[in-house]
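Q: Structure incoming, see below.
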Amino acid sequence: MTDRRNIAFVLPIYNEEGNIPLLYERLTQVAERAAERYVVEFIFIDDGSRDRSLELLRALRERDERVSVYSLARNRGHQIAVTAGIDVADADAVIVMDSDLQDPPEVALDLIAAWEQGADVAYAKRRTRDDGFLKRLTAGGYYWTLSKLARIDIPRDTGDFRLMDRRVVEELRRYPERNRFIRGMVAEIGFRQEAVLFDRDARHAGTTGYPLGKMLKLAADGILGFSSFPLRLISALGLTLAVGAGVWTLYLAISRIVAPENQVEGWTFLAAGMFLLGGIQLLMLGVLGQYIGRIYEEVQHRPLYAFAVRETGPHDPA
Ligand code: UDP
Ligand code: MG
């Protein structure tokens with residue numbers, strides 16, 4: 028019928044009722060501009076929203092067959108919602124973007140252009156971002172640390188807003204891990220990856236679905252998933268302390284022989300040292316615990332998500 032290639036947008040939705048109408052409008056404008064060469068579809072993954080998001084999405088689907096609506100049986104988090112969308116997408120290229128209009132839909136056209144030029148992954152890199160000072164500072168610090176620690180190059184100032192060619196998507200589907208850091212996984216896959224610069228907007232409506240807890244979890248997934256440096260760090264710290272303690276013991280032994288008369292000295296030091304050592308040991312155990320917890324979750328091998336709603340494909344002739 029047509030030799031146009033397919034592009035699927037994957038759009039995770041968590042309480043985005045205030046953004047869906049404008050998002051859809053801007054997406055359809057983008058689709059119109061790409062329509063000559065591509066068949067575009069929109070895959071919305073409702074991640075257990077508590078507002079009217081799902082209702083709005085279903086209404087969109089009522090009037091537009093390009094819209095597919097999936098709904099997870101409960102809130103699983105952004106990375107899992109995106110994973111679900113990538114799993115169900117059957118297209119030559121998949122574009123993942125946030126649904127709060129922080130990622131301007133129009134940039135997708137630039138991503139498509141990069142893909143046409145031969146990129147297998149075109150990731151949108153923030154030239155500027157319209158976030159608060161604290162967010163910019165912590166994000167900057169985090170990505171700097173990650174780039175130092177990770178055993179692969181994970182592009183900085185880059186979220187999950189990106190286009191991926193089908194062959195990258197197929198590789199991505201082979202990553203079974205539960206604690207997902209998609210931007211890292213894509214970087215690890217390889218192929219030809221290119222940056223497309225863009226200016227990130229502020230969230231259009233609603234509030235962030237990434238409060239501090241979720242943010243820390245994602246940050247930990249990035250570092251622990253792509254680096255064993257924390258483990259090496261605690262070994263190094265342990266070794267340093269052990270050697271230091273050895274030298275200190277030697278000194279104590281010698282001083283006992285040389286000057287046996289003053290021996291109660293240093294009690295404060297002992298007390299402080301005990302708490303310090305205890306603290307460091309607990310910290311180290313915590314790092315071990317992080318890895319062990321993750322190993323446990325991986326070996327449980329549970330499914331990542333369950334769909335409660337799955338409305339896709341052409342409308343039923345009824
Ligand atoms: N999101 C999601 N599940 C969640 C939290 C967020 O699917 O548990 C979606 C959200 O609807 C948005 C994207 O993930 O499309 C990014 O989330 P958000 O804008 O809240 O994060 P921020 O930009 O504040 O880091
Ligand atoms: Mg956002």
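Heads up, the sequence shown is in my numbering, so the first residue is 28 and it goes up one at a time.
C-beta: ideal position from N, C-alpha, C; glycine also.
Treat the numbers as computed from the prediction; the structure is a model and nothing was measured.
(1) Tell me the DSSP secondary structure of ALA120 in three-state form.
(2) Going by C-alpha to C-alpha distance, which of LYS162, TYR97, LYS175, ALA222 sits closest to PHE188?
(3) Could you tell me the alpha carbon to alpha carbon distance between ALA363 and LEU331, rounded to whole angstroms?
(4) With DSSP as the reference, please indicate the residues paired to ILE40 in a beta bridge.
(5) Can you tell me whether GLU68 is buried or exposed? The criterion is at least 16 other CB atoms within 10 Å of its CB, across all chains shown.
(6) Just to confirm the assignment, what range does the alpha helix (DSSP H) spanning ARG90 have?
(7) Is there contact here, the region 220-238 with the region 116-127, by at least three beta-carbon pairs under 8 Å?
(8) Considering GLU338, what are the terminal residues of the beta strand (DSSP E) in which it resides?
(9) Taking C-beta to C-beta, are LEU309 and ILE250 nearer than 8 Å?
(10) In or out: LEU245 buried (at least 16 other Cβ within 10 Å) or exposed?
(11) Rounded C-beta distance between PRO131 and ASP228? I'm assuming under 8 Å.
(12) May I have the straight-line CA-CA distance separating LEU315 from GLN144, to the nearest angstrom?
(13) How many whole angstroms separate the CB atoms of ASP147 and VAL109, which I take to be in contact at a CB cut-off of 8 Å?
(14) So what's LEU245 in DSSP terms, helix, strand or just coil?
(15) Any contact between the region 260-272 and the region 205-225? By contact I mean 3 or more CB pairs, one from each, below 8 Å.
(16) Below 7 Å, is the gap between the Cβ of THR235 and the nearest heavy atom of ligand 2?
(17) Would LEU98 pass as a contact of ASP73 if the rule is Cβ separation under 8 Å?
(18) From this set, ILE47, TRP142, GLY211, ARG32, which residue's C-alpha is nearest ARG64's C-alpha?
(19) Is it true that the region 80-92 meets the region 37-57, where meeting means three or more beta-carbon pairs spaced less than 8 Å apart?
(20) Please report the distance separating the alpha-carbon of GLU215 from that of ARG178.
(21) With a threshold of 6 Å on Cβ separation, who are the neighbours of ALA335 within its own chain once the five nearest residues in sequence on each side are excluded?
(22) Using the C-alpha atoms, what's the distance from ASP157 back to TYR360?
A: Concretely, from the data shown:
(1) As a first step, residue 120 must be located in the sequence shown, where it is residue number 93. The three-state secondary structure of ALA120, taken from DSSP, is strand.
(2) On the sequence shown, position 161 is the one that residue 188 refers to. Distances from the alpha-carbon of PHE188 to those of LYS162, TYR97, LYS175, ALA222 put ALA222 closest.
(3) No answer is possible for residue 363: the residues shown for the chain start at 28 and end at 345.
(4) Here residue 40 refers to the residue found at position 13 of the sequence shown. For ILE40, which the question treats as bridged, DSSP gives the partners ASP73.
(5) Against the sequence shown, residue 68 aligns to sequence position 41. When all chains shown are included, GLU68 counts as buried.
(6) Locating residue 90 in the sequence shown gives position 63, where the first residue counts as 1. It spans 80-90 - the alpha helix (DSSP H) in which ARG90 sits, taken as one unbroken run.
(7) Yes, the region 220-238 touches the region 116-127.
(8) Numbered from its first residue, the sequence shown carries residue 338 at position 311. DSSP places GLU338 inside the beta strand (DSSP E), whose first and last residues are 334-338.
(9) Stepping through the sequence shown from its first residue, residue 309 is reached at position 282. Stepping through the sequence shown from its first residue, residue 250 is reached at position 223. No, they are not a contact pair.
(10) Sequence index remark: in the sequence shown, residue 245 carries index 218 (1-based). That one is buried.
(11) Position 104 of the sequence shown, counted from the first residue, corresponds to residue 131. Position 201 of the sequence shown, counted from the first residue, corresponds to residue 228. Contact between PRO131 and ASP228 is confirmed by a C-beta separation of about 6 Å, below the 8 Å threshold.
(12) To locate residue 315, count along the sequence shown from 1; it is residue 288. To locate residue 144, count along the sequence shown from 1; it is residue 117. The straight-line gap from Cα to Cα measures roughly 45 Å.
(13) For this step, residue 147 is matched to residue 120 along the sequence shown. For this step, residue 109 is matched to residue 82 along the sequence shown. Not really, about 18 Å apart at Cβ, beyond 8 Å.
(14) The sequence position of residue 245 within the sequence shown is 218, counting from 1. In the three-state reduction of the DSSP assignment, LEU245 falls in the helix class.
(15) No: the two stretches stay apart, fewer than three of their Cβ pairs being nearer than 8 Å.
(16) The residue you call residue 235 lines up with position 208 of the sequence shown. THR235: yes, Cβ under 7 Å from ligand 2.
(17) Along the sequence shown, one-based indexing puts residue 98 at 71. Along the sequence shown, one-based indexing puts residue 73 at 46. With the sequence shown as reference, residue 98 is identified as Ser, and Leu is not the correct amino acid for it. Closer than 8 Å, so yes.
(18) Taking the first residue of the sequence shown as position 1, residue 64 is located at position 37. Residue ARG32 holds the alpha-carbon nearest to the alpha-carbon of ARG64 among ILE47, TRP142, GLY211, ARG32.
(19) Three or more beta-carbon pairs separated by less than 8 Å link the region 80-92 to the region 37-57, which places the two stretches in contact.
(20) Walking along the sequence shown from the start, residue 215 turns up at place 188. Walking along the sequence shown from the start, residue 178 turns up at place 151. Distance between the alpha carbons of GLU215 and ARG178 is about 9 Å.
(21) Looking up residue 335 in the sequence shown gives position 308. Around ALA335: SER98, ALA100.
(22) In the structure as shown, the chain starts at 28 and stops at 345, and residue 360 therefore has no counterpart that could be examined.
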